[in-house]
Amino acid sequence: MAPRYVLGIDNGGTFTKAAIYDVDGSIIALDQAHLDTLTPKPLFSERDIEEFWQANVRAIRRCLEASGIDPAEIAALAVTGHGNGLYLVDGQGRGVRPGIISTDGRAQSIVDEWMADPQFRTRMRAKTGSEIWAGQPPALLAWLDANEPDVWERTDYVLCAKDFIRFRLTGKAAIETTDCSAIGFLDVRSLRLDPDVFDFLGLTRWMGKIPELCGPADIAGYVTKEAAELTGLVEGTPVAGGVMDVAAGALAAGLVTENELCVITGTWSINEVISRELDTSEDVFLTMAYAVPDSWLILEASPNGVSNLDWFVRQVIRQTLERFGHEELNDGEVFEICERMILDFTPGEDDPFFVPYVNGTSVIPDGRAEFVGLTAFHDIRHIVRAVYEGVIFSHMYHIAKLREYTTLKGHVRFTGGAANSKIWTQMFADAIGAPVDVVDAAESGTLGTAICSAVAAGLYPDIHTAVESMTSAPRETVHPNPEFTDLFRRRYARFRRHIDVLAGNAAAGPADAPAPEASGPSASTPAPGEPEKKED
2 MAPRYVLGID NGGTFTKAAI YDVDGSIIAL DQAHLDTLTP KPLFSERDIE
52 EFWQANVRAI RRCLEASGID PAEIAALAVT GHGNGLYLVD GQGRGVRPGI
102 ISTDGRAQSI VDEWMADPQF RTRMRAKTGS EIWAGQPPAL LAWLDANEPD
152 VWERTDYVLC AKDFIRFRLT GKAAIETTDC SAIGFLDVRS LRLDPDVFDF
202 LGLTRWMGKI PELCGPADIA GYVTKEAAEL TGLVEGTPVA GGVMDVAAGA
252 LAAGLVTENE LCVITGTWSI NEVISRELDT SEDVFLTMAY AVPDSWLILE
302 ASPNGVSNLD WFVRQVIRQT LERFGHEELN DGEVFEICER MILDFTPGED
352 DPFFVPYVNG TSVIPDGRAE FVGLTAFHDI RHIVRAVYEG VIFSHMYHIA
402 KLREYTTLKG HVRFTGGAAN SKIWTQMFAD AIGAPVDVVD AAESGTLGTA
452 ICSAVAAGLY PDIHTAVESM TSAPRETVHP NPEFTDLFRR RYARFRRHID
502 VLAGNAAAGP ADAPAPEASG PSASTPAPGE PEKKED
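In the working numbering, each residue carries its 1-based index in the sequence shown increased by 1.
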């Protein structure tokens, strides 16, 4: 029998996950291994590279064992992982120093110097199509040159997270285009390394350590004998290039149509759209090559997502209860109480709002969280509702930016942790002002990269066909309530004015987030029933 299964591996900030899928996208088995983050100094976020590889080995082996299938039936596999950060290895794939995760902040002063340079916009920004920040390879390499200069001599390859794991699986070094176009080295139009970018950054000597490029659905190598013995895979199994995590999430959400908005809720508030036109002169947060040929994924995001509610539940409500001897409630029960508390509660236009920057932000320098407008009249309902809305306001801010340089149309694809809550989903639909299609993509990382491996294996002719065949139809469509859409826009306008003042830019862009162009049923159509509750 011809191989009919594919394996997707997802390396996030906390876990490595391995999942086996049938050719139709049905999950057969899943396993995960924990990943530790090392913080040897303030602002450092590192990872033991060998332990990182061993976590992948454990997850793959246990997933194969749990599936009960013959490993020879795995047609191909692919890896996704967090974008940016830095993994430096020698010719055998051994780490020359600990890996660095994209949340690392040690190189911020270097980024500040680059951005203050009058040539930054013409020599870098206009070519890469993206902002630059401290956790990206350019800034981290510059920091290493200044603080660990011996690392260059010991390094053979500069890799991203998933590319390192692929190297250990195949013995062949390559860096894939979605990742490489998002880290600040490629000319995003030509998808080639740009010597002038490296010269501007002072990193010319590192250019020769960037390995050859591969595409998401290209066969980038084959499982080696050593990797097969460790993981249980069959030697010679094809390994596809894979994609960066945000691209994997978009594929799993079914995003293949130009100008269709995809909202992914999680630690980061991620808002992305496919475009076949590229304008690198705009202040886009991130432009990256997409897995669909001749298209780019335009992304606006910040670390200002539902983790704000996690913080409020755990650090405020739970700690308060525990200090008074009420330890019997778990996080899930507290979340349910919060939802019941605001179920039938509607704030006024001038009631307090929350700035969702408990994890800092990429929106304004040194941004911090705060409640704005509290008075003696307000109670816990106003505060909890403000936290929910603050997360949504973060998404509205990014969607408003996307509207400046793309044309958003139709329904919105909606996934992530908030998609498992009826209240969250309705609030997002009301805020965006467009129908929201709730997508079942609980393991979006593994599914998105498994789609790439299915194409590499020849199970599907192209990414578009594989996405249509391996992703599910929306679980439900939730329509906005026009009355609440108007309230959200008025409240968001207050939030936006406040953010503009903090940013010292009172004359900034649009103060609301217009809805995508309407299509399908009337926006006033009642929403279907409650979605199934799942673990985030």
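All residues carry an ideal CB built from backbone N, CA and C; glycine is no exception.
- In this chain, the beta strand (DSSP E) harbouring residue 354 covers 354 to 356.
- The residue among 67, 297, 293 with its C-alpha nearest the C-alpha of residue 285 is 297.
- DSSP places residue 33 in the strand class (E or B) of the three-state scheme.
- Of the residues assessed, residue 139 falls on the buried side of the cut-off, its CB having 16 or more other CB atoms within 10 angstroms.
- Contact check for residue 209 against residue 242 fails: the beta carbons are separated by 8 angstroms or more.
- Here DSSP, grouped into helix, strand and coil, assigns residue 239 to strand.
- By the neighbour-count criterion, in which 16 or more other beta carbons inside 10 Å mark a residue as buried, residue 136 falls on the buried side.
- Per DSSP, residue 20 lies in no alpha helix (DSSP H); the unbroken beta strand (DSSP E) holding it starts and ends at 16 to 23.
- No Cβ-Cβ contact shorter than 8 angstroms links residue 292 with residue 221.
- Comparing alpha-carbon positions, the option among 40, 3, 39, 62 lying closest to residue 10 turns out to be 62.
- Cβ neighbours of residue 478 within its own chain (closer than 6 angstroms, five residues either side excluded): 436, 438.
- By the Cβ criterion, the region 32 to 39 is not in contact with the region 195 to 213, since fewer than three pairs of Cβ atoms, one from each stretch, lie closer than 8 angstroms.
- Residue nearest to residue 239 within the set 471, 451, 502, 464 is 451 (criterion: CA-CA distance).
- For residue 163, the secondary structure class from DSSP, reduced to helix, strand or coil, is helix.
- Cβ neighbours of residue 314 within its own chain (closer than 8 angstroms, five residues either side excluded): 332, 335, 336, 339.
- Going by C-alpha positions, residue 112 is about 14 angstroms away from residue 103.
- The beta-carbon distance between residue 51 and residue 96, rounded to whole angstroms, is 6 angstroms. This is short enough to meet the 8 angstroms contact definition.
- Here the alpha carbons of residue 381 and residue 84 stand approximately 38 angstroms from one another.
- With respect to the C-alpha of residue 434, the residue from 422, 397, 361 having the closest C-alpha is 397.
- By the neighbour-count criterion, in which a residue is buried when 16 or more other Cβ atoms sit within 10 angstroms of its Cβ, residue 504 is exposed.
- The beta carbon of residue 175 sits closer than 8 angstroms to those of 164, 167, 168, 212, 213, 214, 215, 221, 222, 242, all from its chain and outside the five residues before and after it, given in chain order.
- Note that the C-beta distance between residue 429 and residue 415 is below 8 angstroms.
- Within the same chain, Cβ atoms closer than 8 angstroms to the Cβ of residue 14 are found at 36, 38, 83, 102, 104, 268, the five residues on either side in sequence being excluded.
- In the structure shown, residue 368 falls within a coil segment according to DSSP collapsed to helix, strand and coil.
- Of the candidates 170, 190, 173, 190 places its Cα closest to the Cα of residue 179.
- Counting only residues of its own chain and dropping the five nearest sequence neighbours on each side, residue 92 has a CB closer than 6 angstroms to the CB of 157.
- For the 8 angstroms CB-CB criterion, residue 305 and residue 353 do not form a contact.
- In this chain, the alpha helix (DSSP H) harbouring residue 309 covers 308 to 312.
- Distance check between residue 30 and each of 457, 7, 487 places 7 closest, using alpha-carbon atoms only.
- When only Cα atoms are considered, residue 461 and residue 491 end up about 47 angstroms apart.
- The distance from the Cβ of residue 253 to that of residue 442 is about 4 angstroms, consistent with a contact at the 8 angstroms cut-off.
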